[in-house]
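Sequential numbering from 2 applies to the sequence shown in our numbering.
The beta carbon of each residue, even a glycine, is placed where N, CA and C say it ideally should be.
Just so it is clear, the structure is predicted and the values come from calculations on it, not from any experiment.
Notes follow the structure.
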Amino acid sequence: ELSKIGINRLSIGIQSFFEDDLQLMNRAHNSAEAKKCLELATKYFDNISLDLIYGIPGMTDQKWKQNIEIALGFGIPHISSYALTVEPKTALNKLIQTGKITKPKDEVAEAHFQILVEMLEKNGFIHYELSNFGKENYFSKNNSGYWLGKKYLGIGPSAHSYDGISRSWNVSNNAIYLKSLGENKLSNEIEILSKTDRYNEYIMTGLRTIWGVSLGRIEQEFGNEYFDYLQKQSQKFLNDELLFIENKILKPTPKGKFLTDGIASDLFMINLK
Numbered sequence: 002e003l004s005k006i007g008i009n010r011l012s013i014g015i016q017s018f019f020e021d022d023l024q025l026m027n028r029a030h031n032s033a034e035a036k037k038c039l040e041l042a043t044k045y046f047d048n049i050s051l052d053l054i055y056g057i058p059g060m061t062d063q064k065w066k067q068n069i070e071i072a073l074g075f076g077i078p079h080i081s082s083y084a085l086t087v088e089p090k091t092a093l094n095k096l097i098q099t100g101k102i103t104k105p106k107d108e109v110a111e112a113h114f115q116i117l118v119e120m121l122e123k124n125g126f127i128h129y130e131l132s133n134f135g136k137e138n139y140f141s142k143n144n145s146g147y148w149l150g151k152k153y154l155g156i157g158p159s160a161h162s163y164d165g166i167s168r169s170w171n172v173s174n175n176a177i178y179l180k181s182l183g184e185n186k187l188s189n190e191i192e193i194l195s196k197t198d199r200y201n202e203y204i205m206t207g208l209r210t211i212w213g214v215s216l217g218r219i220e221q222e223f224g225n226e227y228f229d230y231l232q233k234q235s236q237k238f239l240n241d242e243l244l245f246i247e248n249k250i251l252k253p254t255p256k257g258k259f260l261t262d263g264i265a266s267d268l269f270m271i272n273l274k
């Protein structure tokens, strides 16, 4: 039915193909349902993305490789994959606090990340964003727009919009949203982004993608003070071979990719507005 009404892409939160992993993460589906879902989806859709989680307690390198191999077996053209994050007030966090399971280690997550990159790139995927891999012409258009800083308009309750200077989001309550429209109003909140806000966002999103951070854009759009600051702050990462510059584009090296978010935070400007 979805394919008949014009839906042309599905994003499916598989997380893992193993029963014990899904139970540990308190997921509503089981392994058999995950596989059945993909069997049906691939029957009617060519453009499918699935999510996988790595760094799960008890997950060995071999088990993680099996997860990736199963996903590849379905011919999925896009895979998003994230390290497990233990949130407060969750069943998983309680298990860790009571000592029933061991907290995920960064070293394990990093090893899984390297396995992920190697296996997907060998199978024709392009690692176009830190957590996203796609075959040619199957990158997420929606998310790529966010990462590239493009303007966008969100329509409906909870929808977000961005005009290059400010970000706004509509009220989440359906009744209030409809009442406002009936009164020719729009119930939303607006955040005006300072130059420093926009610089920091560009650093974060740029470093996470294959498009990197354009030093020319930093100089032209943000000025010499930001440009000089970035050059100074990035030097130690260049020396440690965690970042490199190619055609005036700053990017993480293969060794630096897993550390991208931490590197970006060290490049943030915190004093100027």
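Close-in-space but distant-in-sequence residues of the same chain around residue i (CB under 6 Å, 5 per side omitted)
i: residue 154; result: 162
i: residue 265; result: 204, 205 and 208
i: residue 238; result: 244 and 264
Assigned exposure category for residue i - 16 Cβ within 10 Å defines buried
i: residue 35; result: buried
i: residue 261; result: buried
i: residue 130; result: buried
i: residue 105; result: buried
i: residue 258; result: buried
i: residue 4; result: exposed
i: residue 51; result: buried
i: residue 63; result: exposed
i: residue 171; result: buried
i: residue 61; result: exposed
i: residue 210; result: buried
i: residue 182; result: exposed
i: residue 173; result: exposed
i: residue 178; result: buried
i: residue 16; result: buried
Whether residue i touches residue j by CB criterion (9 Å)
i: residue 56; j: residue 109; result: yes
i: residue 48; j: residue 94; result: no
i: residue 114; j: residue 205; result: no
i: residue 146; j: residue 78; result: no
i: residue 233; j: residue 243; result: no
i: residue 186; j: residue 165; result: no
i: residue 19; j: residue 72; result: no
i: residue 23; j: residue 12; result: no
i: residue 75; j: residue 39; result: yes
i: residue 116; j: residue 69; result: yes
i: residue 220; j: residue 227; result: yes
i: residue 150; j: residue 202; result: yes
Residues near residue i by beta carbon distance below 7 Å, same chain, minus five either side
i: residue 132; result: 81, 82 and 83
i: residue 223; result: 196 and 200
i: residue 42; result: 11, 13 and 49
i: residue 267; result: 234
i: residue 96; result: 102
i: residue 125; result: 136
i: residue 189; result: 169, 170, 171 and 172
i: residue 180; result: none
8 Å contact criterion, which residue i and residue j should meet: CB distance rounded
i: residue 103; j: residue 58; result: 6 Å
Same chain, Cβ closer than 8 Å to residue i, five either side skipped, listed in chain order
i: residue 168; result: 161, 162, 191, 192 and 194
i: residue 127; result: 134, 135, 136, 137, 140 and 211
i: residue 88; result: 94
i: residue 225; result: none
i: residue 112; result: 62
i: residue 175; result: 158
i: residue 21; result: 59
i: residue 66; result: 116 and 120
Cβ-heavy atom distance, residue i to the ligand GDP, below 8 Å
i: residue 163; result: You won't find the ligand GDP in this model; it holds no ligand whatsoever.
Any 3 or more C-beta pairs closer than 8 Å across the stretch 149-164 and the stretch 22-39: Contact between the stretch 149-164 and the stretch 22-39 is not established, with fewer than three Cβ pairs separated by less than 8 Å.
The stretch 214-225 in contact with the stretch 249-256 per 3-pair CB rule at 8 Å: Verdict: yes, contact present.
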